[in-house]
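Order-wise, the sequence lines are chains A and B. Residue numbers for the first sequence follow our numbering, so the first one is 6 and each next one is one higher. Residue numbers for the second sequence follow our numbering, so the first one is 122 and each next one is one higher. Quick reminder that beta carbons are idealized off the backbone N, C-alpha and C, glycines included. Only a predicted model underlies this, so the values are computations on that prediction, with no experimental measurement involved. First comes the structure, then the notes that go with it.
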Amino acid sequence: DVKVTQSSRYLVKRTGEKVFLECVQDMDHENMFWYRQDPGLGLRLIYFSYDVKMKEKGDIPEGYSVSREKKERFSLILESASTNQTSMYLCASSFNHIGQGYGYTFGSGTRLTVV
Amino acid sequence: QQQVKQSPQSLIVQKGGISIINCAYENTAFDYFPWYQQFPGKGPALLIAIRPDVSEKKEGRFTISFNKSAKQFSLHIMDSQPGDSATYFCAALFMNTGFQKLVFGTGTRLLVSP
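See below:
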């Protein structure tokens with residue numbers, strides 16, 4: 006009954022590498038989101054998308070980019086990984102209109118370590 | 122202001138006790154207030170939610186109390202159990218031209234001691 010799938014649970018990358026985090030949802034949701042979670046800072050929104058090929062910056066977009074070529078897939082890209090990007094990354098999705106359903110469905114997260 | 126302030130940051134409760142987590146908001150345009158529960162190694166999952174035209178919602182041992190005039194809402198966990206140990210996030214839903222966006226509190230780590 007998995008609905009939002011993140012491709013990796015754990016990832017270790019070297020400083021300067023280009024990193025791709027993949028997220029796929031099977032609920033036909035229009036909206037998709039990328040968050041990072043750090044102790045004491047809660048969930049911080051990096052980027053979101055409300056339609057294919059559309060993207061909007063969240064609260065902390067610096068150092069990240071995203072791609073949404075298909076409705077079900079939303080990718081987060083770290084162009085040149087740095088140690089301060091070591092974090093838990095969470096993908097989420099939702100319907101666009103609350104009439105179809107409230108709230109987000111989250112994936113299980115990817116714990117990224119940059120060394 | 123689209124912030125949601127959550128307290129406390131961490132909480133230790135004895136088994137059988139009541140856990141209380143509080144949240145406050147500024148933007149009166151918020152129109153849905155969910156709580157999410159996150160276990161270690163998992164993503165947050167919707168636990169319970171309330172609309173602002175209701176003052177209280179109860180689901181089993183979990184109750185949301187909502188005070189619209191004070192712009193505050195809280196989660197009460199009655200008869201807390203060790204299995205309730207998790208991180209809890211309050212949130213508020215913001216509608217912008219039909220697009221729903223959640224604003225999250227910073228989270229509360231709850232530990233229920235046996």
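Round the Cβ separation of Phe-137 (chain A) and Ser-80 (chain A) to the nearest angstrom and send it over; I've been treating them as touching at under 8 Å.
-> The displayed coordinates of chain A run from 6 to 120. Any statement about residue 137 (chain A) would go beyond what the structure contains.
With a CB to CB cut of under 8 Å and the five nearest residues on each side skipped, what residues in its chain are close to Lys-58 (chain A)?
-> For Lys-58 (chain A), the CB contacts under 8 Å within the same chain, skipping 5 residues up- and downstream, are Arg-73 and Glu-74 in chain order.
Using only alpha-carbon positions, find the residue among B:Phe-183, B:Arg-230, B:Asn-143 and B:Gln-135 that is nearest to Pro-203 (chain B).
-> Nearest option by C-alpha distance: B:Gln-135.
Return the residue from the list A:Leu-48, A:Met-32 and A:Tyr-52 that minimises the CA-CA distance to Lys-8 (chain A).
-> Of the listed residues, the one whose Cα sits closest to Lys-8 (chain A) is A:Met-32.
Write down the C-beta distance between Phe-38 (chain A) and Tyr-109 (chain A) rounded to the nearest angstrom, noting that I regard them as a contact closer than 8 Å.
-> Indeed, because the Cβ distance is near 7 Å, the residues count as touching under 8 Å.
is_contact[Tyr-15 (chain A), chain C] using C-beta, thresh 8 Å = Considering every chain present, this structure includes no chain C. Its protein chains are A and B.
Mind checking whether Leu-214 (chain B) and Tyr-153 (chain B) have CB atoms under 8 Å apart?
-> In this structure, Leu-214 (chain B) places its C-beta atom within 8 Å of the C-beta atom of Tyr-153 (chain B).
Within 8 Å (strictly less), CB to CB, does Phe-225 (chain B) reach chain A?
-> Any Cβ of chain A closer than 8 Å to the Cβ of Phe-225 (chain B) would place that residue at the interface, and such an atom is present.
My understanding is that Gly-47 (chain A) touches Phe-210 (chain B), with C-beta atoms under 8 Å, so please give their C-beta distance in whole angstroms.
-> The Cβ separation is near 7 Å, so the contact holds.
Where the beta strand (DSSP E) containing Gln-202 (chain B) begins and where it ends | Where Gln-202 (chain B) is concerned, there is no enclosing beta strand (DSSP E), given that its DSSP letter is neither H nor E.
Mind listing, in chain order, the continuous alpha helix (DSSP H) runs of no fewer than 4 residues lying wholly within the segment 34-94 of chain A?
-> Fully enclosed alpha helix (DSSP H) runs of 4 or longer: not present.
Reducing DSSP to helix, strand and coil, say where Leu-151 (chain B) ends up.
-> Correcting the residue type first, residue 151 (chain B) is Phe in the shown sequence and not Leu. The DSSP-derived three-state label of Phe-151 (chain B) is coil.
Would you kindly report the start and end of the unbroken beta strand (DSSP E) that includes Thr-20 (chain A)?
-> Per DSSP, Thr-20 (chain A) belongs to no beta strand (DSSP E) and is neither H nor E.
Give, in chain order, every unbroken run of the beta strand (DSSP E) that is at least 3 residues long and sits entirely within the segment 174-233 of chain B.
-> With a minimum length of 3 residues, the continuous beta strand (DSSP E) runs that stay inside the segment 174-233 of chain B are 177-180, 183-188, 193-198, 207-217 and 220-225.
Could you check how far apart the C-beta atoms of Glu-77 (chain A) and Val-29 (chain A) are, in whole angstroms? I think they sit under 8 Å.
-> 6 Å between Cβ atoms; contact.
Secondary structure of Ile-141 (chain B), DSSP reduced to three states | DSSP places Ile-141 (chain B) within a strand segment (E or B) once states are collapsed to three.
Output yes if chain A places a C-beta closer than 8 Å to the C-beta of Pro-235 (chain B); else output no.
-> The beta carbon of Pro-235 (chain B) does not come within 8 Å of any beta carbon belonging to chain A, so the residue lies off that interface.
Cα-Cα separation, Gln-159 (chain B) to Arg-19 (chain A) | Using only the alpha carbons, I get a separation of about 29 Å.
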